[in-house]
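Worksheet for the structure shown next.
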Amino acid sequence: MTDTPPTTAPHVAIIGGGPAGLMAAEVLSQAGVRVDLYDAMPSVGRKFLLAGVGGMNITHSEAYPAFISRYAEREHDIARLLDGFDADALRAWIHGLGIDTFVGTSGRVFPRDMKAAPLLRAWLKRLRDAGVVIHTRHRWHGWDADGALRITCPQGEVSVQADAVVLALGGGSWARLGSDAAWLPWLQARGVDISPLQAANSGFEVTGWSDVLKGRFAGAPLKNIALSLAGQAPRLGEFVLTEGGVEGSLVYAWSAQIREAINREGSATVLLDLLPNRPVDKIEAALRKPRGSRSMARHLHGQLGLDGVKAALLRELTGPEVFADPARLAAALKALPITLVRPRPLDEAISSAGGVKFEAMDRHLMLTRLPGVFCAGEMLDWEAPTGGYLLTACFASGRRAGLGVLEWLRR
Numbered sequence: 001m002t003d004t005p006p007t008t009a010p011h012v013a014i015i016g017g018g019p020a021g022l023m024a025a026e027v028l029s030q031a032g033v034r035v036d037l038y039d040a041m042p043s044v045g046r047k048f049l050l051a052g053v054g055g056m057n058i059t060h061s062e063a064y065p066a067f068i069s070r071y072a073e074r075e076h077d078i079a080r081l082l083d084g085f086d087a088d089a090l091r092a093w094i095h096g097l098g099i100d101t102f103v104g105t106s107g108r109v110f111p112r113d114m115k116a117a118p119l120l121r122a123w124l125k126r127l128r129d130a131g132v133v134i135h136t137r138h139r140w141h142g143w144d145a146d147g148a149l150r151i152t153c154p155q156g157e158v159s160v161q162a163d164a165v166v167l168a169l170g171g172g173s174w175a176r177l178g179s180d181a182a183w184l185p186w187l188q189a190r191g192v193d194i195s196p197l198q199a200a201n202s203g204f205e206v207t208g209w210s211d212v213l214k215g216r217f218a219g220a221p222l223k224n225i226a227l228s229l230a231g232q233a234p235r236l237g238e239f240v241l242t243e244g245g246v247e248g249s250l251v252y253a254w255s256a257q258i259r260e261a262i263n264r265e266g267s268a269t270v271l272l273d274l275l276p277n278r279p280v281d282k283i284e285a286a287l288r289k290p291r292g293s294r295s296m297a298r299h300l301h302g303q304l305g306l307d308g309v310k311a312a313l314l315r316e317l318t319g320p321e322v323f324a325d326p327a328r329l330a331a332a333l334k335a336l337p338i339t340l341v342r343p344r345p346l347d348e349a350i351s352s353a354g355g356v357k358f359e360a361m362d363r364h365l366m367l368t369r370l371p372g373v374f375c376a377g378e379m380l381d382w383e384a385p386t387g388g389y390l391l392t393a394c395f396a397s398g399r400r401a402g403l404g405v406l407e408w409l410r411r
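Below is the structure:
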């Protein structure tokens, strides 16, 4: 690592090169602060780039009250981060990088070319032009006895002294991209209050599908269906049947509630509506029509258009006595219970819940137990569904941490 020329500008070290760390670097470098950003991976923004495969969903266009409600019990904390940098401000910032955006039919916001790489390239150029020095293959290992940052790189271990530090290390999902939660013990050893990391936006497992269902339909999508938990309004969408359970956007939308139900009770039962556009009485009337010599499978297809994975799942989760009673069968088609017993492993999840509690930081995201150390991004204790909410809060928290560092340096 080369020596940096002496300067009177304050020096800030940022650990982590995802959206939160890069945003903090932008805020600080534009204020004239000398910024060194360290990332353990060979290049920065790896999870950001992977999230953009298939379409970079950057944020969401829905009205603010609905938008902020997606953060559930952390709504108030995230609202403070979005103050001054909400979804509209994020879109304007992206436009400032020369990247156009558009709103999809679902309300989700995408770059015009649907790709993450051009956005990241334009952003990194801006940061480097502002003087940000990015060190890849530099892994943080906590602090040494003198309070300096311990960082290993291909040349060995170095100690880094800085006037302030921003930690933007990600959560515990997708360790191969750098979010491996290795930071947990170092912060816990210094008394920082942390909620346990759990899978968020994850698939879930059942006790076991039959060999027939797995063999023929693992990987098959269930489209135009609705999913709910008892006592809650169903949500329309789709998900995928896996060898061990279920995954996909509609499952992710319920993942926090499913996970917490499993934590409390050992399992969670979701209710699947296979025919959300048909009322139960109309379904029952169709089932009661004479089927003559036709099999029940042909009758279901002919009267209700039900076949493939939907028909197979109905067979899997009901018995002959249900198929013999049109009223019970109609009810099953509208509320087919699927019992989920555990989430998929944390490292497979799209994101993670838990992390550094907001109560462990001041309003500038500085750790109260470690003055001058700020946290941002997914390593904070919050979660949100997919749809652009995750990225929006990561960008906003990086900006807030950067502004917090400037306030700290002024003081």
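Under the UniProt record's numbering, the sequence shown is numbered contiguously, ending at residue 411. Every residue, glycine too, gets a C-beta built ideally from N, C-alpha and C.
Residue i versus residue j - alpha carbon distance
{"i": "GLY32", "j": "PHE85", "result": "21 Å"}
{"i": "GLY245", "j": "VAL405", "result": "45 Å"}
{"i": "ILE15", "j": "ILE134", "result": "10 Å"}
{"i": "ALA206", "j": "ALA312", "result": "The displayed chain sequence assigns Val, not Ala, to residue 206. C-alpha separation (whole angstroms): 16 Å."}
{"i": "TYR252", "j": "ALA349", "result": "10 Å"}
{"i": "HIS332", "j": "GLU238", "result": "Note on identity: in this sequence residue 332 is Ala, with His being the wrong assignment. Those two C-alpha atoms are separated by around 18 Å."}
{"i": "GLU316", "j": "ALA130", "result": "60 Å"}
{"i": "LEU82", "j": "TYR389", "result": "11 Å"}
{"i": "residue 432", "j": "ASP307", "result": "Any question about residue 432 goes unanswered here, given that the chain covers just 1 to 411."}
{"i": "PRO337", "j": "LEU272", "result": "6 Å"}
{"i": "MET366", "j": "LEU227", "result": "40 Å"}
{"i": "LEU197", "j": "HIS11", "result": "31 Å"}
{"i": "THR2", "j": "ALA164", "result": "Residue placement at THR2 cannot be trusted, given a pLDDT of 44 that sits under 50; the coordinates are not used to answer."}
{"i": "LYS125", "j": "TRP93", "result": "15 Å"}
{"i": "residue 464", "j": "ARG298", "result": "Only positions 1 to 411 of the chain appear in this structure, which leaves residue 464 out of reach."}
{"i": "ARG46", "j": "LEU167", "result": "17 Å"}
{"i": "ALA353", "j": "SER173", "result": "10 Å"}
{"i": "VAL309", "j": "GLY21", "result": "43 Å"}
{"i": "GLY54", "j": "ALA175", "result": "21 Å"}
{"i": "GLY248", "j": "SER202", "result": "8 Å"}
Residue i burial status per 10 Å Cβ neighbour count (16 or more: buried)
{"i": "HIS138", "result": "buried"}
{"i": "PHE102", "result": "exposed"}
{"i": "ASP381", "result": "buried"}
{"i": "LEU50", "result": "exposed"}
{"i": "PRO19", "result": "buried"}
{"i": "ALA9", "result": "exposed"}
{"i": "GLY170", "result": "buried"}
Which of helix, strand or coil DSSP assigns to residue i
{"i": "HIS138", "result": "coil"}
{"i": "VAL132", "result": "coil"}
{"i": "THR339", "result": "strand"}
{"i": "THR152", "result": "strand"}
{"i": "residue 418", "result": "Any question about residue 418 goes unanswered here, given that the chain covers just 1 to 411."}
{"i": "ARG235", "result": "strand"}
{"i": "GLY55", "result": "coil"}
{"i": "THR2", "result": "Bear in mind that the predicted position of THR2 carries a pLDDT of just 44, short of 50, making it too unreliable to give a figure here."}
{"i": "ILE99", "result": "coil"}
{"i": "PHE323", "result": "helix"}
{"i": "THR8", "result": "coil"}
{"i": "GLU157", "result": "strand"}
{"i": "VAL44", "result": "coil"}
{"i": "LEU241", "result": "strand"}
{"i": "LEU124", "result": "helix"}
Continuous alpha helix (DSSP H) stretch holding residue i: start and end
{"i": "ASN263", "result": "255-265"}
{"i": "ASP273", "result": "From DSSP, ASP273 is part of no alpha helix (DSSP H) but of the beta strand (DSSP E) over 268-273."}
{"i": "LEU391", "result": "389-410"}
{"i": "SER29", "result": "19-30"}
{"i": "SER69", "result": "64-69"}
{"i": "ILE78", "result": "75-82"}
{"i": "VAL212", "result": "211-217"}
{"i": "GLY302", "result": "296-304"}
{"i": "ALA312", "result": "308-317"}
{"i": "GLU284", "result": "280-287"}
{"i": "PRO185", "result": "184-188"}
Bounding residues of the beta strand (DSSP E) (the contiguous stretch that carries residue i)
{"i": "CYS36", "result": "Residue 36 is actually Asp in this sequence, not Cys. Unbroken beta strand (DSSP E) run through ASP36: 34-38."}
{"i": "GLN198", "result": "194-200"}
{"i": "ALA164", "result": "164-167"}
{"i": "PRO326", "result": "No beta strand (DSSP E) holds PRO326; the alpha helix (DSSP H) holding it covers 326-334."}
{"i": "PRO111", "result": "108-111"}
{"i": "LEU229", "result": "221-229"}
{"i": "ILE14", "result": "11-15"}
{"i": "VAL373", "result": "373-375"}
{"i": "GLY208", "result": "It is not in any beta strand (DSSP E) - GLY208 carries neither H nor E in the DSSP assignment."}
{"i": "GLY355", "result": "351-356"}
{"i": "GLY245", "result": "245-247"}
beta-carbon residue i near the ligand HEM non-hydrogen atom, thresh 6 Å
{"i": "ALA353", "result": "The model depicted lacks the ligand HEM and carries no ligand whatsoever."}
Using 8 Å as the threshold, is the segment 63-76 in touch with the segment 37-47, meaning 3 or more CB pairs across them? Segments in contact, no.
Does the contact criterion of 3 or more C-beta pairs under 8 Å hold for the segment 69-81 versus the segment 108-121? Short answer: they don't touch.
How do the segment 228-235 and the segment 167-183 stand: do at least 3 beta-carbon pairs fall below 8 Å, yes or no? No, they do not touch.
Would you check if the segment 256-276 and the segment 212-228 touch, i.e. whether three or more CB-CB distances between them fall below 8 Å? Proximity of the segment 212-228 to the segment 256-276 meets the contact definition, three or more beta-carbon pairs being nearer than 8 Å.
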